[in-house]
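Residue numbers (the numbering used here): 23 to 303. Note that CB positions come from ideal geometry on N, CA and C, so glycine has one too. As structure tokens, the structure follows; a few thoughts come after it.
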Amino acid sequence: MSMQLRIAHTTSFEYDGKAVASYNQARLTPLTNPEQIVVHTRLEVTPKPWTYEHRDYFGTQVTAFEVVDPHESMTVVATSTVQTNRSPAPAPRATWESLTDRAVDDRWTEYLTLPELVAPPADFAARVKEIAADHALPGAAAREVCAMVHKEVEFVPGATHVSSPAVHAWQQRAGVCQDMAHLVVGGLRSVGIPARYVSGYFHPHEAPVVGEPVIGESHAWIEWWDDGWHPFDPTNDHEPCDRYVTVATGRDYGDVRPISGIYSGPGTSRMTVEVEVTRLA
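The structure is reproduced here in structure tokens:
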């Protein structure tokens, strides 16, 4: 069942004094791909900035903007309407042997690296290796790794912070969607399965009411290579459906941060984020 979703993502910054310059990149524009079509999108920044748009290496729409006039606050509002129509992912078909082929290994080499954010702790990597050995197909193993993380890592907001590596969430068996995605991505890469981090949104209600705005938030899930990218949400232990909207993909959270940048001015600032999701049709 397809859906049309409107997402309003508001980020506000307040400074203890005047910021005299602010240089930023926003990755807040959903992708258009076979599973979703962007009907309308708008990014508004206050105070009025200079802007430049481009696509990054991973294909994400990026809006670079700078505010050079002195300001005590800044607001970034991204509003998008997206038509979703996700088909069920096919059954696993790639083999372990096919993943070692140069056509796969070289093509997706960025999604086989293990930087600090996704590097799995030794005991987690050992369990993933056992799971891989027990399954004839990488896709089946990937699905079980997702189930393990969903079962053993409790969703606890505030248990980690945005720069926490996957190892912290595993050690305390608690984290948020970002941590669970990092754990699965690192685990799959450790056994040779290309995997990437996905950021976006999803409607929190299983049966969204048309026209009813609800409080949402940015979300993260993963995709692994199985003769095509196979999406899965380890936080909720199911494949993404039409309630999901993809914004960006990358090696880890560092490649998909909604807003990143620098400013000149006071040493302290406060940031608040609000996301509202509405099913339109």
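- Within its own chain, the residues whose Cβ lies closer than 7 angstroms to the Cβ of E174, once the five positions on either side in sequence are excluded, are R195, listed in chain order.
- Taking C-beta atoms under 8 angstroms as the contact rule, V299 and H225 qualify, at a distance of about 5 angstroms.
- Going by beta carbons, G161 and H252 fall inside the 9 angstroms limit.
- Taking a cut-off of 8 angstroms for Cβ pairs, the stretch 107 to 119 and the stretch 230 to 245 do not touch, as fewer than three such pairs fall below it.
- Sixteen is the threshold: when 16 or more other Cβ atoms of the shown chains lie within 10 Å of the Cβ of S221, as they do, the residue is buried.
- Across the set M202, A164, P187, the C-alpha of M202 shows the shortest separation from the C-alpha of V178.
- By the CB criterion at 9 angstroms, A188 and H204 fall inside the cutoff.
- T51 is positioned such that its CB atom lies no closer than 9 angstroms to that of T33.
- Secondary structure note for H172: its alpha helix (DSSP H) is the uninterrupted segment 160 to 174.
- The beta carbons of T106 and L27 sit closer together than 9 angstroms.
- Annotation: V207 to I244 spans about 7 angstroms, alpha carbon to alpha carbon.
- Within its own chain, the residues whose Cβ lies closer than 7 angstroms to the Cβ of K151, once the five positions on either side in sequence are excluded, are V213, listed in chain order.
- Proximity to P280 across E75, V84, A164 peaks at V84, based on C-alpha coordinates.
- Spanning the alpha carbons of P112 and A154 requires a straight line of approximately 20 angstroms.
- The C-alpha of D255 lies about 13 angstroms from the C-alpha of A217.
- P56 is positioned such that its CB atom lies no closer than 9 angstroms to that of D91.
- Using a 10 angstroms sphere on the CB of A229, the tally of other CB atoms stays under 16, which defines it as exposed.
- CA-CA distance, H157 to D123, rounds to 19 angstroms.
- The beta carbon of V67 lies closer than 6 angstroms to those of F87, V98 in the same chain, with the five residues before and after it left out.
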